[in-house]
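Worksheet for the structure shown next.
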Amino acid sequence: MMFFSGLAFATFLSPPFPEWLQTPSNQKIMMFGFKWGGQTTVVLGALAGLLHSIGRLGRRTAILVFVTSFGISLGSELLGTGTGLPFGPYSYTNQLGYKVFGLVPFNIPTSWFFMLYCSLAICGRILPAKDDNTSRWWWSLVAGLVLTAWDVSMDPAMVASVHWLWHLPSLEGMPLWQNILIGGHFYGMPLTNWLGWLLTGIVVARVMLMIVPPTRWARDVSPSKFPLALYAVNAVLPLGICIGRGLWAAFVLGAIAMAIPLCLALRKGPQPVGSATRPSSARGDVAVAGR
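Quick note: the numbering used here has the sequence shown finishing at residue 283, numbered continuously throughout.
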């Protein structure tokens, strides 16, 4: 479905629409797709990530990771849409479905969950698996960067397809540093958005690592290539939209940004973890590690 959506947005779903798509019946189908397509792909991605995590971490641990990441990312998005911090002033349209408190589509926090799940799985392949505090912070930083790489193409694509909007102030009379940070220099997006993604990604990843420590990510999740595939598949739709809308810088930079961690993860493969005893996942035991 994600591949078809990306191909469609790269070709016939990019304006100007072909004549055959402008018949009344096809217009209804297209409007139905615009309304439900984005919502459905995010929900399916979250469901795939959740089911995979249940199989790898146990039911209770996986649900705890999901609920915790959902709650923190929702809080960050509510703060962002309400105050502009830490991303910048923006708002969501109605294309992504029901909005929590009328501000944040319900499926936005679910995308934070499954993409950070994939990002931590990548960390388990490219970083040493240690459970000390310094290692957890390194993992959190790298996971935040891997997550933010997704937004390089995602944000321009979603703004172009009117899934969310930026409300930037006039730059007249602003200092240069402020102009650089909050000016919409990258397809109307301020650079503060990526800083907000990185900050939120680090915080959510760090909490996820309190529930499931790095050694367990590396042992139980990272050997599977499914998170890598899920991460890669979620590049298809924004990259397809970027092609269809002629957002070539976003396409090239976004493809490179996501290809780097994927290629590193595939090249290095699963990392040795040592002789730590594997926690029982059959009962879904929650292993909350210390800070």
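Note that CB positions come from ideal geometry on N, CA and C, so glycine has one too.
* Which residues does DSSP pair with S83 in a beta bridge? -> L157
* **Closest Cα partner of R208 within the set R128, L231, A249 and V244** => R128
* Would A251 pass as a contact of S145 if the rule is Cβ separation under 8 angstroms? -> no
* Which class does V196 belong to by DSSP, given the choice of helix, strand or coil? -> helix
* Just mark P161 as buried or exposed, buried being the case when its beta carbon has 16 or more other beta carbons within 10 Å. => Under this definition P161 is an exposed residue.
* **Cutoff 6 angstroms; reference L183; Cβ partners in own chain excluding five residues on either side** => L173
* Asked: Is the distance from the Cβ of A141 to the Cβ of P230 below 8 angstroms?
  -> No, they are not a contact pair.
* **Three-way DSSP call (helix, strand, coil) for K260 in this model** => helix
* **Residues near L42 by beta carbon distance below 7 angstroms, same chain, minus five either side** => Residues of the same chain with a CB within less than 7 angstroms of the CB of L42, apart from the 5 flanking positions on each side, are A54 and F58 in chain order.
* Asked: Using the C-alpha atoms, what's the distance from G238 back to S65?
  -> 31 angstroms
* Asked: N171 lies in the alpha helix (DSSP H); which residues open and close that run?
  -> Counting along the chain, the alpha helix (DSSP H) containing N171 begins and ends at L168 to I174.
* Apart from the five residues on each side of it in sequence, which residues of its chain come closer than 6 angstroms, Cβ to Cβ, to T60? -> V199
* Asked: Going straight from the alpha carbon of L346 to that of V154, what length do you get?
  -> Outside the modelled stretch of the chain, which goes from -7 to 283, sits residue 346, for which no answer is possible.
* Asked: Comparing alpha-carbon positions, which option in A197, V204 and I114 lies nearest R51?
  -> Minimum Cα-Cα distance from R51 among the listed residues A197, V204 and I114 corresponds to V204.
* Asked: Would F293 be called buried (16 or more neighbouring beta carbons within 10 Å of its own) or exposed?
  -> The shown model of the chain, from -7 to 283, leaves out residue 293, and the question about it has no answer.
* Buried or exposed: P148, going by 16 or more other Cβ atoms within 10 Å of its Cβ? -> buried
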